[in-house]
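Residue numbers (the numbering used here): 185 to 419.
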């Protein structure tokens, strides 16, 4: 008798555009009902404004359609931003939230799926992204505690790539940290220093040299890591 295997989660990249839109809208409607109201107000408001302006210029239908299209665009923008905020709210302080945020980097960024460094005692994490600003190390954890982990990785990376900028960013809600929900926009505003070709070459070199240190086992989910009993006792 065949056993029923649990269904695997669907990868958003394998879903169609309409299916993605529907999934995001369904999630947003449950998590943030007010966002749907703002979307409707944008759609109706721009449509009415378009019809009104069109009436004044003698083309209510054409300008009304234009206003409707602008309303749809604004509603989609509202949905995207509110959905992003709702997703981070649901994740809360779960381990690996920085890695989830870095997946939003596109257009010339190479992001490591797994943390490049983990503190086994505190379970603080360090993620890496390579883009035109250089190599960016993003920490997850209290800055005073995770700073040593980040600094060690920064020095190691700088020795391997002396001509490439290495930037350390501490993600979180504390002083001197970048909020996770603003992390992607913060990185996208960084000044480009290296070329697109160099981004690819740097990423390949870092991955090739990654075996020189103790690697994190592939497939390990930092969000399911068990706490160290010694860490809870202050050792």
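Here a beta-carbon is modelled for each residue, glycine too, at the ideal position from N, C-alpha and C.
Euclidean distance between Cα positions of residue i and residue j
| i | j | result |
| --- | --- | --- |
| residue 202 | residue 264 | 14 Å |
| residue 364 | residue 239 | 46 Å |
| residue 266 | residue 378 | 33 Å |
| residue 290 | residue 228 | 32 Å |
| residue 390 | residue 369 | 24 Å |
| residue 342 | residue 386 | 12 Å |
| residue 357 | residue 243 | 51 Å |
| residue 307 | residue 345 | 27 Å |
| residue 367 | residue 282 | 8 Å |
| residue 330 | residue 336 | 10 Å |
| residue 297 | residue 247 | 46 Å |
| residue 392 | residue 304 | 24 Å |
| residue 224 | residue 332 | 49 Å |
Cβ-based neighbour list, residue i, same chain, cut-off 7 Å, excluding 5 preceding and 5 following
| i | result |
| --- | --- |
| residue 126 | What is shown of the chain runs 185 to 419, which leaves residue 126 out entirely. |
| residue 226 | 255, 258, 259, 262 |
| residue 292 | 315, 316, 380, 383 |
| residue 420 | This structure cannot speak to residue 420, because the chain is shown only from 185 to 419. |
| residue 219 | 212, 262, 263, 266 |
| residue 361 | 327, 354, 355 |
| residue 208 | 263, 267 |
| residue 222 | 262 |
Which residues DSSP lists as bridging residue i, in chain order
| i | result |
| --- | --- |
| residue 323 | 310, 354 |
| residue 302 | 309 |
| residue 421 | Residue coverage of the chain in this structure runs from 185 to 419, which leaves residue 421 outside it and unanswerable. |
| residue 318 | 315 |
| residue 362 | 355 |
Cβ distance (whole Å) where residue i is taken to contact residue j below 8 Å
| i | j | result |
| --- | --- | --- |
| residue 328 | residue 310 | 15 Å between Cβ atoms; not a contact. |
Neighbourhood of residue i by C-beta distance below 8 Å, restricted to the same chain and skipping five residues each side
| i | result |
| --- | --- |
| residue 241 | 247 |
| residue 245 | 238 |
Kindly confirm or deny that the region 230-242 and the region 251-268 touch, where touching means at least three C-beta pairs closer than 8 Å. yes
Count the C-beta pairs between the region 254-261 and the region 334-353 that are closer than 8 Å, then say yes if the count reaches three, no if not. No, they do not touch.
Is the region 314-328 touching the region 371-384 in the sense that three or more CB pairs, one from each, lie closer than 8 Å? A contact exists between the region 371-384 and the region 314-328.
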